[in-house]
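One structure is given below, encoded as structure tokens.
Numbering (the working numbering), first residue to last: 655 to 762.
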């Protein structure tokens, strides 16, 4: 609960708004493919632990993709909302070392 409180403060939300938490361990060579979180969720706040990671973003523009990247240092936190959450897909590049992700989500 203290981590949820800190994540909520980072995103300027009430802690009670973060109604779901997901803990994922990524082993050597693991990543996560391109996706958007389900529409039932509004805010996505993640805490990255262990090895540094690269979060990638892409947005389809006709027959091409616009792309962006965000490095996630150990103990980094991020907040996806609005266009980044609704329009862009995201993924995590395969990892050379173990990593854990704690993801908090709010419902619409």
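Just so you know, even glycine gets a beta-carbon here, dropped at the ideal spot from N, CA and C.
query = Which class does residue 657 belong to by DSSP, given the choice of helix, strand or coil?
reply = In this structure, residue 657 counts as helix in the three-state DSSP scheme.
ask   = When the Cα atoms are used, what is the spatial distance from residue 723 to residue 655?
value = Approximately 30 Å between the Cα atoms of the pair.
ask   = Counting pairs of beta carbons, one from the stretch 664-677 and one from the stretch 688-707, are three or more of them closer than 8 Å?
value = Touching, yes, given that three or more Cβ pairs across the two stretches are closer than 8 Å.
key: residue 690 and residue 743 closer than 9 Å at C-beta   = Cβ atoms of residue 690 and residue 743: closer than 9 Å.
ask   = If you run the structure through DSSP and keep just helix, strand and coil, what is residue 598?
value = Here the chain has residues from 655 to 762 only, and residue 598 is not among them.
inquiry  = Less than 6 Å between C-beta atoms, sequence neighbours within five positions excluded: which residues of the same chain meet that for residue 704?
reply    = Within the same chain, residue 704 has close Cβ partners 752, 753, 754.
Helix, strand or coil at residue 724 according to DSSP, with G and I counted as helix = For residue 724, the three-state secondary structure derived from DSSP is strand.
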